[in-house]
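First residue of the sequence shown: 69, per the numbering used here; consecutive thereafter.
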Amino acid sequence: MTEIKFYESIDDALLKFAVIISKSNGKWVFCKHKDRNTLEVPGGHREPEEDILDTAKRELYEETGALDFAIKPICIYSVTDKDNFDGKETFGMLYFAEIHSFEKALHSEIEKIIITDTLPNNWTYPLIQPKLLAEAKRRGIIS
69 MTEIKFYESI DDALLKFAVI ISKSNGKWVF CKHKDRNTLE VPGGHREPEE DILDTAKREL
129 YEETGALDFA IKPICIYSVT DKDNFDGKET FGMLYFAEIH SFEKALHSEI EKIIITDTLP
189 NNWTYPLIQP KLLAEAKRRG IIS
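In structure tokens form, the structure reads like this:
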């Protein structure tokens, strides 16, 4: 079973991931990984000694090609799943970004970005990412 929790604060050293719910011109921005047929919210692992906001900015650029954007934190989240990280609770920072412009080429494992009015049915992480969007909506960050 996958359990998602939300927090207002936590020791910064525990933050392992940054996930960025993104829109451009009022439409959702999702990524399609080269090795999968599903869609996901941009995000990824924090590098050693990297500030978590810098992780979010780097991942947003690498996975979407976002050049000009406004980004803000939403909250801290955690995932506990017996099949990941030895079943230990792992923490990430959830952000929202409004992307104003994109680079033409992507420089990562992402095959393409999808800009759409609708949420996907084929999530890469169906037990996690819809819950992150629901929390952002509950907090009034997205509608």
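Each residue gets a CB set at the ideal place from its N, CA and C atoms; glycine is no exception.
What you are looking at is a predicted structure, and each value in this text was computed from that prediction instead of being measured.
Inset, instruction - Output the distance between the C-alpha atoms of Asp-185 and Gly-94, rounded to the nearest integer angstrom. - result: Rounded to the nearest angstrom, the gap between the Cα atoms of Asp-185 and Gly-94 is 8 Å.
Legend entry - Closest Cα partner of Ile-209 within the set Lys-100, Arg-104, Gly-133 and Lys-91: Checking every option, the nearest Cα to that of Ile-209 belongs to Lys-91.
Legend entry - Buried versus exposed, by CB contacts within 10 Å (16 or more), Met-69: Burial call: exposed.
Legend entry - Where Gly-155 falls: helix, strand or coil (DSSP): The three-state reading of DSSP puts Gly-155 in helix, counting H, G and I together.
Inset, instruction - Could you tell me the boundaries of the alpha helix (DSSP H) in which Pro-116 lies? - result: In the DSSP assignment, Pro-116 falls outside any alpha helix (DSSP H), carrying neither H nor E.
Legend entry - Rounded straight-line distance, which links the Cα of Arg-207 to that of Lys-73: Note on geometry: alpha-carbon atoms of Lys-73 and Arg-207 lie some 14 Å from one another.
Legend entry - As assigned by DSSP and simplified to three states, the class of Glu-177: Three-state result, Glu-177: coil.
Inset, instruction - Out of Ser-169, Ala-173, Ile-139 and Glu-115, state which residue places its alpha-carbon closest to the alpha-carbon of Ala-81. - result: Comparing C-alpha distances from Ala-81 to each of Ser-169, Ala-173, Ile-139 and Glu-115 shows the shortest one belongs to Glu-115.
Inset, instruction - Could you tell me if Gly-155 is buried or exposed, where buried requires 16 or more neighbouring beta carbons within 10 angstroms of its beta carbon? - result: An exposed status is given to Gly-155, since fewer than 16 other beta-carbon atoms sit within 10 Å of its beta-carbon.
Legend entry - Per DSSP, cross-strand counterpart(s) of Val-97: Looking at the DSSP assignment, Val-97 forms a beta bridge with Ile-183.
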